[in-house]
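In the working numbering, the protein residues as written are 1344 to 1601.
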């Protein structure tokens, strides 16, 4: 009797999986768009279980778009001064098998204003942030690449358990970490502090000209360290006010011109 119940349960679960696969195949994943009233929000919080996230600048009213929606739930709400965006996976998806190979993609379009904080989290997915002005930016993914470009900020935090971190043309103190992946920073001038660490990967800082006011603090357990092509360099340049702290357990550390 117990075996019969188990067989019936397995048949039900397989049936749910087949329905989900068929739905995703015939609907192409689906798409949902939510327009946001142009209320004055200063904080943005984005939280997803499994989605790629892209944040763009728009000249029009803010809105959110979920592509390849499938069975995911999109929730958008302005609470006081905070815009909260969530993409949740329904419980019945836990028992399904996804053969569509389409990761949901969350596009967030924000007016180009100065925000107090923007926090972006996904358990599994890439994060791309472009062209924003924000006092504090925090990006975090368990499995995926993080790319931040053309962002003006006081402090930028990036954290990926498994994925590359790429920061280009940004302003502000940088604190970045990945457990498995390279970290690449590209800036015209190194004139603000940065703390970068990877457990397995290279750390590379590219700039148009050599810095004039930094202190270098580098550490690698297994790899080479070079600053503008040389293994021998002065750890303090100028007054040494901006600490450039780069660490990797297994990889090279390189500071070079673009």
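Here a beta-carbon is modelled for each residue, glycine too, at the ideal position from N, C-alpha and C. If you're wondering where the values come from, they're calculated on a predicted model, not measured in any experiment.
**Asked** Under a Cβ-count criterion, where at least 16 other Cβ atoms within 10 Å of its own Cβ denotes burial, should residue 1440 be classed as buried or exposed?
**Response** Summary for residue 1440: the model assigns pLDDT 49, below 50, so the residue's position carries little reliability; its value from the coordinates is reported in the next sentence. It is exposed - the Cβ of residue 1440 has fewer than 16 other Cβ atoms within 10 Å.
Check: Helix, strand or coil: how does DSSP classify residue 1549 here?
Finding: strand
inquiry  = Just to confirm the assignment, what range does the beta strand (DSSP E) spanning residue 1399 have?
reply    = 1395-1401
query: Taking just the CA atoms, how far does residue 1574 sit from residue 1584?
result: 22 Å
Outcome for residue 1411 when other beta-carbon atoms lying within 10 angstroms are tallied against a minimum of 16: buried
query: Can you check whether the CB of residue 1499 is closer than 8 Å to the CB of residue 1453?
result: no
- Whole-number beta carbon distance between residue 1519 and residue 1497, since they are thought to touch under 8 Å: Residue 1497 to residue 1519, Cβ: 15 Å. No contact.
message: For residue 1326, which residues in the same chain have their Cβ closer than 6 Å to its Cβ, ignoring the five residues on either side in sequence?
response: One cannot answer for residue 1326 here, as it falls past the ends of the chain, which runs 1344 to 1601.
| said: Less than 8 Å between the C-beta atoms of residue 1553 and residue 1529, yes or no? | reply: no
### Residue closest to residue 1469, alpha-carbon to alpha-carbon, out of 1591, 1389 and 1581
1389
Distance CB(residue 1430)-CB(residue 1392) smaller than 8 Å | yes
Length at least 3, wholly inside the region 1502-1570: the beta strand (DSSP E) runs in chain order: 1508-1511, 1514-1521, 1526-1530, 1537-1541, 1546-1550, 1557-1563 and 1568-1570
| Inter-residue spacing [alpha-carbon to alpha-carbon] between residue 1589 and residue 1559 | 8 Å
Checklist entry - Using CA coordinates, which residue listed in 1424, 1403 and 1596 is at the minimum distance from residue 1387? => result 1424
Relative to the alpha-carbon of residue 1508, which residue among 1415, 1490 and 1446 has its alpha-carbon at the smallest distance? 1490
Item to complete: Grab the span of the beta strand (DSSP E) containing residue 1380 for me, first residue to last.
Response: Per DSSP, residue 1380 belongs to no beta strand (DSSP E) and is neither H nor E.
Note to self: Applying the 10 Å Cβ sphere with the 16-neighbour rule, what's the burial state of residue 1555?
What the structure shows: exposed
Inset, instruction - Give every residue of the same chain whose Cβ lies closer than 8 Å to the Cβ of residue 1488, excluding the five residues on either side of it in the sequence, and list them in chain order. - result: 1469, 1470, 1503, 1506, 1507, 1508, 1509 and 1524
Practice problem: Could you pull out every residue in the same chain whose Cβ sits closer than 6 Å to the Cβ of residue 1482, ignoring the five residues on either side in sequence? | Solution: 1463, 1470, 1489 and 1501
Cα-Cα separation between residue 1409 and residue 1458, rounded to whole angstroms
23 Å
- Item | Alpha-carbon to alpha-carbon, residue 1422 and residue 1415 | 22 Å
message = Tell me which residue opens and which closes the beta strand (DSSP E) that residue 1592 is part of.
response = Taken as a continuous stretch (DSSP letters only), residue 1592 belongs to no beta strand (DSSP E), as it is neither H nor E.
* To do: Using alpha carbons as the reference points, say which of 1534, 1533 and 1548 lies closest to residue 1540.
  => 1548
* Asked: Which residue from 1569, 1373 and 1581 puts its Cα closest to that of residue 1594?
  -> 1569
Alpha carbon to alpha carbon, what distance is there between residue 1401 and residue 1550?
-> 29 Å
| Skipping 5 residues on each side, what residues in its chain have a beta carbon closer than 8 Å to that of residue 1383? | 1424
For residue 1475, does the three-state DSSP call read helix, strand or coil? coil
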